[in-house]
Amino acid sequence: MAKFDWKKIREQAKTKETYQVKEKMWTNRIVKIIIITFLTIVIVGSLGSYFYINHALGPVDDKNEQTVEVTVPIGSTTDDIAAILKENALVNNQFIFEVYMKLQNVGELQAGHYEFSKAMNVDGIIAQLKAGGEPIFEDVDTTITVIEGTTLEQIGELIEEKTPYTSEEFMTLVNDETFIKGLSEKFPTLLGGLLDIEGLKYPLEGYLFPATYDYLAGMTLEDLVTQMVSTMNLEFQAIREDLDNTWLSFHQVLTLASIIEREGITDEDRALIAGVFLNRIDVGMPLQSDITVLYALGEHKELVTLEDLEVDSPYNLYMYTGLAPGPYNSPSMSSIMATIYPTYSEYYYFVADLDTQEIYYSSNIDDHNALVEQYVNPYFESDESQAESEEPVDEVTE
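The working numbering applies: residue 5 is where the sequence shown begins, and numbers increase by one.
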């Protein structure tokens with residue numbers, strides 16, 4: 005039987021145990037170090053991410069209140085909007101802005117014209133995008149139809165409806181002397197001397213020919229108006245020889261034709277009305293057309309009152325004899341030709357049946373008043389809302 009060296013065995017066991025204890029201690033230390041290091045990295049990373057994201061969602065420059073104009077096109081996605089904002093230096097981080105909008109489920113944002121500042125944070129920008137900006141006019145090819153008898157102001161309203169341009173921009177342009185001088189150089193026989201005429205309310209009134217025009221997306225307002233004047237010039241050149249049949253200048257023809265346009269419907273009546281007005285001019289009688297009073301007032305009314313006749317304007321042809329300084333609207337070629345080739349008669353008066361629009365003519369005031377009593381007065385007498393101070397005015401009376 006072998007004899008064991010218990011002393012040596014105990015020493016070896018103690019040494020091994022000591023080693024195992026030390027190994028376990030170091031293992032625990034390493035694990036702790038790894039855990040602490042990992043936690044430190046996580047915490048530092050989280051804090052860094054928090055501050056980075058917080059910065060990304062904050063204002064680019066909280067001291068800069070100056071606004072930047074931004075357009076968000078129709079059909080833009082959230083990614084498109086983020087790119088537009090980053091391009092204009094309104095967000096710090098495009099990607100984070102995109103993710104934030106999706107996480108917030110902000111819903112559909114509005115296209116439009118906006119004004120943002122660099123002092124706005126992401127939430128402020130999103131709130132404004134949800135509320136909507138100034139609407140975008142979708143500039144597309146279209147047509148613009150100017151009907152006979154349309155005034156410049158009404159053409160401006162039509163252009164505002166059909167194009168990106170406002171009626172104010174249109175009226176500013178058609179009254180701009182530099183622009184009109186440029187047109188006069190292009191169309192000298194049509195517009196030469198136009199700006200020298202005194203008392204014109206709107207120089208180009210009557211010179212934008214009533215027709216249908218093509219508006220192409222991106223077309224300038226100057227080109228559009230020039231197109232309308234060019235059409236009038238073509239019509240004018242075609243009838244220049246016809247002007248030998250009248251003592252009126254073409255400007256005067258347009259002026260008288262613009263009144264006839266609103267007074268008569270058929271070619272026959274327009275020619276007869278032209279003859280009536282020329283008879284009146286010949287003997288020094290005022291034309292006395294309600295059309296002239298309404299234009300002088302600058303408003304549309306169903307009824308012209310005695311008070312309205314007192315408006316002091318060279319366009320009011322109850323107050324002044326002869327012709328006004330210029331046209332009242334854009335007359336049709338039918339009215340223009342009726343003015344050049346009037347039907348001469350002994351008539352000095354006419355009145356329209358307000359129900360049928362049929363026109364009756366007379367050569368003296370007594371016959372005219374009888375026609376007014378028959379065809380006009382009953383119409384107003386049946387109107388219970390008619391005030392005594394608003395006595396209707398007869399067409400073409402002394």
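Each residue gets a CB set at the ideal place from its N, CA and C atoms; glycine is no exception.
query: Would the beta-carbon of E239 fall within 8 Å of that of T155?
result: As a position in the sequence shown, residue 239 is number 235, starting the count at 1. As a position in the sequence shown, residue 155 is number 151, starting the count at 1. Contact: no.
message: For F120 and F213, what's the separation of their Cα atoms in angstroms?
response: Here residue 120 corresponds to residue number 116 of the sequence shown, with the count starting at 1. Here residue 213 corresponds to residue number 209 of the sequence shown, with the count starting at 1. The alpha-carbon atoms of F120 and F213 are separated by roughly 44 Å.
query: Starting from E119 and walking both ways along the beta strand (DSSP E), at which residues does that stretch end?
result: In the sequence shown, counting from the first residue as 1, residue 119 sits at position 115. From DSSP, the beta strand (DSSP E) with E119 extends over G116 to S121.
task: Measure the alpha-carbon distance for K134 versus S339 and round it to whole angstroms.
output: In the sequence shown, the residue the question calls residue 134 occupies position 130. In the sequence shown, the residue the question calls residue 339 occupies position 335. A direct Cα-to-Cα measurement between K134 and S339 gives close to 53 Å.
query: Would E402 be called buried (16 or more neighbouring beta carbons within 10 Å of its own) or exposed?
result: Looking up residue 402 in the sequence shown gives position 398. Caution applies to E402, whose pLDDT of 41 falls short of 50 and renders its modelled position unreliable; the model cannot decide the point.
task: Pull up the CB-CB distance for L107 and T82, whole angstroms please, since I reckon it's below 8 Å.
output: Start at 1 with the first residue of the sequence shown, and residue 107 comes out as number 103. Start at 1 with the first residue of the sequence shown, and residue 82 comes out as number 78. Not really, about 11 Å apart at Cβ, beyond 8 Å.
Cβ pair count under 8 Å reaching 3, the region 318-327 against the region 359-374: no
- prompt: Grouping DSSP H, G and I as helix and E and B as strand, with all else coil, what is F99?
  reply: For the purposes of this step, residue 99 is taken as the residue at position 95 of the sequence shown. The answer is helix: DSSP assigns F99 an H, G or I state.
query: So, does the CB of R266 fall closer than 8 Å to a CB anywhere in chain B?
result: The chain labelled as chain B is not found in the depicted structure, where only one protein chain is given.
query: Given E399, which residues of its chain have a CB within under 6 Å of its CB, disregarding the five upstream and five downstream residues?
result: In the sequence shown, counting from the first residue as 1, residue 399 sits at position 395. Here E399 scores only 49 on pLDDT, less than 50, and its place in the model is too uncertain to base an answer on.
message: What does the Cβ neighbour count give for Y345, buried or exposed, with the cut at 16 atoms within 10 Å?
response: Translated into positions along the sequence shown, residue 345 becomes position 341. Counting C-beta atoms within 10 angstroms of its own C-beta, Y345 has fewer than 16 neighbours from the protein chains shown and is therefore classed as exposed.
message: Between H255, L228, T224 and G153, which has its C-alpha nearest E202's C-alpha?
response: If you number the sequence shown from 1, residue 202 lands on position 198. Considering only alpha carbons, the answer is H255.
- prompt: Does the region 60-69 come within contact of the region 90-103, defined as at least 3 CB pairs closer than 8 Å?
  reply: yes
With 16 other Cβ atoms within 10 Å as the buried cut-off, status of A300: Position 296 of the sequence shown, counted from the start, is the residue given in the question as residue 300. By the neighbour-count definition (other C-beta atoms within 10 Å, threshold 16), A300 is a buried residue.
- request: Using the Cα positions of A87 and F101, report the straight-line distance between them to the nearest angstrom.
  value: The residue you call residue 87 lines up with position 83 of the sequence shown. The residue you call residue 101 lines up with position 97 of the sequence shown. Spanning the two alpha carbons is a distance of roughly 9 Å.
- prompt: For the region 167-199, which segments carrying the alpha helix (DSSP H) assignment without a break, of at least 4 residues, lie completely within its bounds, in sequence order?
  reply: 171-178, 181-190 and 192-195
- request: Starting from the N-terminal side, write out each stretch of the beta strand (DSSP E) that is 3 residues or longer and does not extend beyond the region 318-396.
  value: 353-356 and 363-366
- request: Starting from V126, trace the alpha helix (DSSP H) both ways and give me its first and last residue.
  value: Residue mapping note: residue 126 aligns to position 122 of the sequence shown, counting from 1. Note, V126: alpha helix (DSSP H), V126 to A135.
- prompt: Whose C-beta lies closer than 8 Å to the C-beta of T296 among residues of the same chain, with five residues either side of it excluded?
  reply: By 1-based counting over the sequence shown, the position of residue 296 is 292. I263, Y319, N320, L321, Y322, A328 and Y332, listed in sequence order.
- request: Using DSSP bridges, identify the partner residues of Y206.
  value: As a working note, residue 206 is residue 202 in the sequence shown. DSSP, once it has assigned bridges, lists no residue as partnering Y206.
message: Nearest by alpha-carbon distance to E138: which of A221, K205, G116 and L195 is it?
response: If you number the sequence shown from 1, residue 138 lands on position 134. E138 has its Cα closest to that of G116, out of A221, K205, G116 and L195.
- request: Can you give me the start and stop residues for the alpha helix (DSSP H) that V233 sits inside?
  value: In the sequence shown, the residue the question calls residue 233 occupies position 229. Element bounds for V233: L225 to A242.
message: Within 10 Å of its beta-carbon, does F99 have 16 or more other beta-carbons around it, so buried, or fewer, so exposed?
response: For this step, residue 99 is matched to residue 95 along the sequence shown. By the neighbour-count rule (16 or more Cβ atoms within 10 Å), F99 is not buried but exposed.
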